[in-house]
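Undergrad:
There are 6 protein chains.
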Amino acid sequence: MCLPPVVFRGTIVATVKLWSDDEVAASPVVKAVFEDIRATRKSDFVNNFWRALANQPAVLERTWASVKQVMVAPGALDPLTKELVYIAVSTVNSCSYCVHSHTAAARAKGMTDEQYAEFLAVIGMAAETNTLANAMQIPVDREFMLE
Amino acid sequence: MCLPPVVFRGTIVATVKLWSDDEVAASPVVKAVFEDIRATRKSDFVNNFWRALANQPAVLERTWASVKQVMVAPGALDPLTKELVYIAVSTVNSCSYCVHSHTAAARAKGMTDEQYAEFLAVIGMAAETNTLANAMQIPVDREFMLE
Amino acid sequence: MCLPPVVFRGTIVATVKLWSDDEVAASPVVKAVFEDIRATRKSDFVNNFWRALANQPAVLERTWASVKQVMVAPGALDPLTKELVYIAVSTVNSCSYCVHSHTAAARAKGMTDEQYAEFLAVIGMAAETNTLANAMQIPVDREFMLE
Amino acid sequence: MCLPPVVFRGTIVATVKLWSDDEVAASPVVKAVFEDIRATRKSDFVNNFWRALANQPAVLERTWASVKQVMVAPGALDPLTKELVYIAVSTVNSCSYCVHSHTAAARAKGMTDEQYAEFLAVIGMAAETNTLANAMQIPVDREFMLE
Amino acid sequence: MCLPPVVFRGTIVATVKLWSDDEVAASPVVKAVFEDIRATRKSDFVNNFWRALANQPAVLERTWASVKQVMVAPGALDPLTKELVYIAVSTVNSCSYCVHSHTAAARAKGMTDEQYAEFLAVIGMAAETNTLANAMQIPVDREFMLE
Amino acid sequence: MCLPPVVFRGTIVATVKLWSDDEVAASPVVKAVFEDIRATRKSDFVNNFWRALANQPAVLERTWASVKQVMVAPGALDPLTKELVYIAVSTVNSCSYCVHSHTAAARAKGMTDEQYAEFLAVIGMAAETNTLANAMQIPVDREFMLE
């Protein structure tokens, strides 16, 4: 016997509708963003994050413009480093969606198992020492301050 | 003119004593760890984090051994990438001490202003999208899952 | 083929029993709180939060009394504003249950799609600037301080 | 009597230089943003957040454009409600700078002591119930889900 | 030599006035709570948390009543265990005030240096494994679920 | 009709493979750790956390060594107190896996329903007062500081 799909945790449904491709096609603003996402990423797949944001066209446009500028455009950090930093933030913010999507992105950008293992060691270590420093309220050394 | 001392926040003192070099010298366990820190880092400076942990010799030894293995030993990620990931975690955990010490460490390892600017853009972007994804409880795309 | 219900994520089951109406009826203290919840909300539906708290009658009583005083009684802020603030806190605390229940409550209190879109923009913006300010450890301007 | 400077926490200095008005005047990009901030807010005062971001002109421009769109432009939520939501997020993210600046902003936008008292009650209540719901891993009621 | 006052962080002042004993004496509601705090704790000292909450008499009354019931009344957990749990929550929430006040309270209730050292080891360990489990999104074992 | 298992939330699958006993048997390093876990706990059951960490043998070895030293070896705090502190940290870090596993561990170590109820009251109270103290940026009393 199985439970009907509606029974599973609320989190399998979002607080907003996820837009289908047909619904996207009917909204010029959303359609334009989705086309740019597909063109920029050279892939037809548009993930749920954007399908949820489609309910807020102004937020969708601004967020995609920022993501494109920050994560896609070439910059001073290589793409994999940026994904690792992104996963780190997402993990501490306990964003399950973001951890999954950016871990997948890091793998797509070439992250090896050795790199992932070392990344995990670093974020675990950081969380441990963060907690110790916050618990003991350690004052910052003068040597670390920008003069 | 100066404000009287009572005005300053409690956080200027730690919840534990910060060990001076004389106190360190009097404890064989702590002394050994401090000597290894100095030898490993090729520097006489030992920062307050270790001077606070000195009150808990077992935690001090284990933590330094882990930090040495994770952050100092050569691995699959370059040292600057690991520092950036460390700052990211520390920022989200709101650890003032750790943000200062690891931003200083990143600079010491060659982080340029351009890299820091891009790093800031990434963590800001990540925090924003984390919050949006958590607020809308977006379900993870099947495409992101490990088969 | 389907997996049997017990297979799905642990989070579909709580760490405590969720009390059924029959179990509630058998405990005078819990029964009284549930009757007050139903009377106050003018609805028969009592959500899982209270069915879980029923295992801790003293916590149940105190928490309901506080919620009633803070969220239900008329005050200086309108009910929708309070729900938006509640969702904001719940999102940053990554409380999936609370995000769902208070987003539903905000909708029930008249939140429009435009208001929700703007709310999402604000919490995303706040999270981004929080992260930037914490990463750069920006000192508070004297102008913001209460004299 | 004053404590010597070495006693004060590292957090009194930022990890980046705070730009003076002279430095701002020497950079066309930063100058343009600062002039827009002053014109938009009808005030000469530009707070430290922007003086720190000035080190990252691209982040400065994008962040100010977003803040202007989200927080300044008229929308579906009134300005005070947006400030309250902003303080809520900043408090949970433990951003001292942001709590101070947005509490000051809320007061400037007319927040009364009664409203602040009620706001505090709501965020305290939310944090308490978030923690209870996360500790008991309460499953989301079907009634809260978007059909 | 001292630094000029402008150098110090905003966090040295609160967002609200801290009530003096004279101000407390002039408000019957606040006065009653303060007298109960002093009588319950058998001490004249009333810490800043209550002096800040005095601005919100309804929140003050409710919060003190809860603290008295939860932390002061005898219960199923011994007082030191409750303080340790309180510090743990406060540390992860990065509440500097709460870490200081409850670490002092734990010491006043007999916490030894050995206990504090072990407590620090536990919270550091927990933070590390939390981060690893969240990063890898590990599914909960069926064995851990309440049947 | 049921959805096929792959459809449920991403979180039912990890970002890494969970090692089966056969896979463990084929890796000497992992096998040794698993044997020590089984011997130390006097139980054949090895939970998913270790099966996920098996992908990173160095992290697995170091983490188990730390857990064994901190949580298993006799110390200054009794085992149940340590589990309660562990759950507290895990709850605030919103680690669903850790909340489930350590709540189960606390029960296995004798936690009564009364103790759990009181524990819940404490963490809820702490989260509430943390939020109030952070929102009002209350300065630490000199009385709480270590002289």
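Protein chains in written order, with my numbering: chain A, 1208 to 1354; chain B, 1208 to 1354; chain C, 1208 to 1354; chain D, 1208 to 1354; chain E, 1208 to 1354; chain F, 1208 to 1354.
Ideal Cβ placement from N, Cα and C applies to all residues, glycine included.
Since this is a predicted model, take the numbers as computed values, not measurements.
Pick from A:Met-1278, A:Tyr-1323, A:Thr-1319: whose alpha carbon is nearest that of Leu-1339 (chain E)?
TA: When each option's Cα is compared against that of Leu-1339 (chain E), the closest is A:Tyr-1323.
Undergrad: Less than 8 Å between CB atoms is the rule here; does Ser-1301 (chain F) satisfy it with respect to chain A?
TA: yes
Undergrad: Mind checking the segment 1254-1276 of chain D against chain A and listing, in chain order, the residues whose C-beta falls within less than 9 Å of any C-beta there?
TA: Ala-1265, Val-1266, Arg-1269, Ala-1272, Ser-1273, Gln-1276
Undergrad: From the DSSP output, in three-state form, read off Asn-1300 (chain D) for me.
TA: coil
Undergrad: Starting from Leu-1225 (chain F) and walking both ways along the alpha helix (DSSP H), at which residues does that stretch end?
TA: First-last for Leu-1225 (chain F): undefined, no H or E at that position.
Undergrad: Does Ser-1227 (chain B) pass the burial test, meaning 16 or more other C-beta atoms within 10 Å, or should it be called exposed?
TA: exposed
Undergrad: Could you check whether the Cβ of Met-1352 (chain F) sits closer than 8 Å to any Cβ belonging to chain B?
TA: yes
Undergrad: For Leu-1339 (chain A), does the three-state DSSP call read helix, strand or coil?
TA: helix
Undergrad: Are the CB atoms of Thr-1247 (chain A) and Thr-1356 (chain B) within a distance shorter than 8 Å?
TA: Residue 1356 (chain B) is absent from the structure shown; chain B starts at 1208 and stops at 1354.
Undergrad: Under three-state DSSP, which class holds Gln-1322 (chain A)?
TA: helix
Undergrad: Are Ile-1407 (chain A) and Val-1292 (chain B) close, meaning C-beta to C-beta below 8 Å?
TA: Lying before the first or after the last residue shown, residue 1407 (chain A) is absent from chain A, which here runs from 1208 to 1354.
Undergrad: Which residues mark the beginning and the end of the alpha helix (DSSP H) in which Ala-1233 (chain C) is found?
TA: Element bounds for Ala-1233 (chain C): n/a, residue is neither H nor E.
Undergrad: Within the 8 Å Cβ cut-off, does Val-1223 (chain D) reach chain E?
TA: Val-1223 (chain D) does not count as touching chain E.
Undergrad: For Val-1266 (chain F) and Ala-1328 (chain A), which I take to be in contact (beta-carbon distance under 8 Å), what is that distance rounded to the nearest angstrom?
TA: 5 Å
Undergrad: Indicate whether Gln-1344 (chain D) and Ser-1303 (chain F) have their beta-carbon atoms separated by less than 8 Å.
TA: yes
Undergrad: With C-beta atoms as the reference, is Val-1306 (chain B) less than 8 Å away from Val-1296 (chain A)?
TA: no
Undergrad: Quick one: using the 10 Å Cβ neighbour count with 16 as the cut-off for buried, is Ser-1250 (chain E) buried or exposed?
TA: Burial is judged here by how many other beta carbons sit within 10 angstroms of a residue's own beta carbon; Ser-1250 (chain E) has fewer than 16 and is exposed.
Undergrad: Are the CB atoms of Lys-1316 (chain B) and Leu-1284 (chain B) within a distance shorter than 8 Å?
TA: no
Undergrad: Could you spell out where the alpha helix (DSSP H) holding Asn-1356 (chain B) opens and where it closes?
TA: No information on residue 1356 (chain B) is available, as it lies outside the stretch 1208 to 1354 that chain B covers here.
Undergrad: For Met-1352 (chain A) and Asp-1320 (chain D), what's the separation of their Cα atoms in angstroms?
TA: 38 Å
Undergrad: Using DSSP with H/G/I as helix, E/B as strand and the rest coil, what is Asp-1251 (chain D)?
TA: DSSP places Asp-1251 (chain D) in the coil class of the three-state scheme, outside both helix and strand.
Undergrad: With 16 as the cutoff for other CB atoms within 10 Å, does Ala-1232 (chain E) come out buried or exposed?
TA: exposed
Undergrad: Going by C-alpha distance, which of A:Val-1277, A:Phe-1256, A:Glu-1290 is nearest Leu-1225 (chain A)?
TA: Checked all of A:Val-1277, A:Phe-1256, A:Glu-1290; the closest Cα to Leu-1225 (chain A) is A:Phe-1256.
Undergrad: Can a CB atom of chain E be found closer than 8 Å to the CB of Phe-1326 (chain F)?
TA: At least one chain E Cβ lies under 8 Å of Phe-1326 (chain F).
Undergrad: Taking Lys-1238 (chain D) as the reference, which of D:Val-1220, D:Ala-1342, D:Gln-1263 has the closest Cα?
TA: D:Gln-1263
Undergrad: Should Thr-1319 (chain A) be flagged as near chain F, meaning a C-beta pair shorter than 8 Å?
TA: no
Undergrad: Find the nearest neighbour of Ser-1234 (chain F) within the set F:Ala-1261, F:Val-1274, F:Lys-1275, F:Ser-1273, judged by alpha-carbon distance.
TA: When each option's Cα is compared against that of Ser-1234 (chain F), the closest is F:Ala-1261.
Undergrad: Going straight from the alpha carbon of Ala-1356 (chain E) to that of Arg-1349 (chain A), what length do you get?
TA: The structure shown does not extend to residue 1356 (chain E), since chain E is modelled only from 1208 through 1354, so no value can be given for it.
Undergrad: Which residue from E:Glu-1290, E:Phe-1326, E:Asn-1341 puts its Cα closest to that of Phe-1326 (chain F)?
TA: Considering only alpha carbons, the answer is E:Glu-1290.
Undergrad: For a contact defined as C-beta to C-beta under 8 Å, what are the partners of Val-1306 (chain A) on chain F?
TA: Thr-1222
Undergrad: How would you list, in chain order, the residues of chain D whose beta-carbon sits under 7 Å from the beta-carbon of Thr-1336 (chain B)?
TA: Simply none; closest approach about 13 Å.
Undergrad: Along the chain, where does the alpha helix (DSSP H) containing Val-1274 (chain D) start, and where does it finish?
TA: Secondary structure note for Val-1274 (chain D): its alpha helix (DSSP H) is the uninterrupted segment 1264-1274.
Undergrad: Which one of D:Ser-1308, D:Ala-1311, D:Val-1223 has the shortest CA to CA distance from Arg-1258 (chain D)?
TA: Looking at the Cα atoms, D:Val-1223 is the closest of the given residues.
Undergrad: For Ile-1331 (chain E), does the three-state DSSP call read helix, strand or coil?
TA: Just to set this straight, residue 1331 (chain E) is Gly in the shown sequence, not Ile. In this structure, Gly-1331 (chain E) counts as helix in the three-state DSSP scheme.
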